[in-house]
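Report on the following structure.
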Amino acid sequence: MAPSTSVSVLAGKEELHNNPEPKPDIRAETYPQLQIESLSGINLTAALFVGGTASSTATGLLLSSLSWLWLITFVVTLGVALATFIVYRHFEVIGRRQRPSGGSWLVASNAPQTSAVDAQVPDTTSLPAVYVTYILGSGGHTAEMMETIKQSFRGQANMHRRYIISTGDTSSLAKARLLESTIKGAYPGEDARAGTSDIFLIRRARKVHQPLYTAPFTCLISALHAAHALTRMPNLRSTKGNAKDFKYPHLIVTNGPANGYIVSLVAHLLKIFYLVPENRAKMVYIETWARSKTMSLTGKLFLKTGIADVVGVQHESLARIFKGSQYIGPVSAGFLRK
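So, in structure tokens, the structure goes:
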């Protein structure tokens with residue numbers, strides 16, 4: 001019996017061996033849930049990462065938009081405030097000025113006058129300083145300005161004359177030097193009544209045939225040069241005891257064209273921003289003698305903006321047509337006086 005049992009047992013073992021029971025798949029039973037959880041975690045992490053990146057990007061874009069919005073708002077507000085300040089100061093400056101009447105356009109109308117011949121030119125010899133800036137506009141403008149200076153000139157030691165000339169205007173430069181040579185020749189030796197003088201060259205505001213789109217840039221450069229010319233103390237007066245009286249010009253005389261207006265506008269802006277005292281850099285614009293029926297564009301600009309203390313015309317008919325202008329006589333038409 002034993003052998004059979006043994007055989008049967010062995011057979012059973014063999015059967016069991018030949019048909020082994022399947023072993024439990026630990027990975028199939030235990031890990032599937034973990035795998036699912038892990039995959040869910042990965043998906044969740046990925047979702048959080050992607051969502052966080054999108055959120056950060058959106059936040060960054062929002063902050064960037066807000067930054068630009070704040071910047072634009074700040075710039076616009078600053079621009080409006082600056083424009084308001086300039087307009088307010090413009091009317092304040094022109095509202096405080098005292099306009100001389102009649103032909104006394106050089107300085108205050110109550111200054112003493114020496115004779116009937118020079119009745120239009122007040123006596124300024126008793127003043128501590130007389131600093132006049134002449135803007136030479138080239139061509140006929142310069143010729144008329146030279147005649148105006150000759151008609152109004154009175155020798156005095158306390159006067160300084162500054163000529164502002166555009167670069168490249170060799171004709172005006174030569175005429176200014178010739179005039180100063182003539183003045184010094186009239187007071188030779190130790191006679192100081194010739195006064196002192198200097199010449200400043202500035203960039204031309206706009207050249208002939210220059211494209212209009214480039215004009216703002218050249219005008220800006222011209223304005224910077226003009227500011228330097230208006231605030232630079234004359235070297236010949238800087239070592240004198242009354243040097244401070246020559247820090248800024250008392251009077252600016254121009255008859256156009258563009259450079260004359262640019263320099264005058266710069267002088268007005270310097271007053272607006274408190275860089276030049278309001279009682280200095282008084283502006284006189286003299287319309288050319290050739291204009292008898294209508295004013296030039298420069299003259300109209302001076303009238304419209306009101307930056308000049310005096311807008312003088314040389315024909316009475318013109319003064320009647322354009323309100324705000326003053327008849328000062330033919331100050332640049334020297335041949336009419338001869």
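In this text, residue positions in the sequence shown follow the UniProt record's numbering: the first is 1, and each later residue adds one. Every residue, glycine too, gets a C-beta built ideally from N, C-alpha and C.
Backbone CA spacing between residue i and residue j [nearest angstrom]
i, j, result
"residue 48", "residue 75", "Bear in mind that a pLDDT of 42 at residue 48, under 50, signals an unreliable position, so the number given afterwards is only what the model happens to contain. Between residue 48 and residue 75, the C-alpha separation is close to 39 Å."
"residue 274", "residue 82", "14 Å"
"residue 167", "residue 85", "33 Å"
"residue 321", "residue 190", "49 Å"
"residue 95", "residue 157", "33 Å"
"residue 280", "residue 88", "19 Å"
"residue 308", "residue 249", "14 Å"
"residue 295", "residue 231", "30 Å"
"residue 226", "residue 57", "51 Å"
"residue 212", "residue 276", "31 Å"
"residue 135", "residue 319", "23 Å"
"residue 331", "residue 299", "16 Å"
"residue 142", "residue 175", "8 Å"
"residue 185", "residue 155", "12 Å"
"residue 329", "residue 137", "20 Å"
"residue 123", "residue 77", "49 Å"
"residue 144", "residue 80", "42 Å"
"residue 92", "residue 325", "20 Å"
"residue 323", "residue 302", "12 Å"
"residue 200", "residue 169", "12 Å"
"residue 194", "residue 297", "35 Å"
"residue 305", "residue 69", "35 Å"
"residue 183", "residue 73", "58 Å"
"residue 278", "residue 333", "31 Å"
"residue 340", "residue 173", "This structure cannot settle anything about residue 340, because the visible part of the chain is limited to 1 through 338."
"residue 266", "residue 310", "17 Å"
"residue 196", "residue 262", "25 Å"
"residue 258", "residue 229", "16 Å"
"residue 289", "residue 260", "16 Å"
"residue 171", "residue 64", "57 Å"
"residue 188", "residue 198", "18 Å"
"residue 98", "residue 67", "49 Å"
Residue i in three-state terms, based on DSSP
i, result
"residue 82", "helix"
"residue 151", "helix"
"residue 162", "strand"
"residue 307", "coil"
"residue 77", "helix"
"residue 182", "helix"
"residue 127", "coil"
"residue 292", "coil"
"residue 332", "coil"
"residue 97", "coil"
Beta-bridge pairing of residue i - partner residues as DSSP gives them
i, result
"residue 312", "286, 326"
"residue 202", "166"
"residue 142", "None, per the DSSP bridge assignment."
"residue 187", "Its beta-bridge partners do not exist; DSSP assigns none."
"residue 197", "161"
"residue 136", "165"
Going residue by residue through the segment 206–287, where are the continuous beta strand (DSSP E) segments of at least 3 residues, counting only ones entirely within it?
Counting only runs of at least 3 residues, the segment 206–287 fully encloses the following beta strand (DSSP E) elements, listed from N- to C-terminal order: 251–254, 282–286.
Does the count of Cβ pairs from the segment 238–248 and the segment 206–225 closer than 8 Å reach three?
no
For the 8 Å Cβ check, are there 3 or more pairs between the segment 254–272 and the segment 284–301?
yes
Contact between the segment 222–237 and the segment 147–158 (3+ Cβ pairs under 8 Å)
no
Inspect the CB distances between the segment 155–162 and the segment 125–145 and report whether three or more fall short of 8 Å.
yes
Touch check for the segment 215–227 and the segment 174–187: three-plus C-beta pairs under 8 Å?
Judged by Cβ distances under 8 Å, the segment 215–227 makes no contact with the segment 174–187, as fewer than three pairs qualify.
Three or more C-beta pairs below 8 Å linking the segment 314–322 and the segment 259–272
Not touching, per the Cβ criterion.
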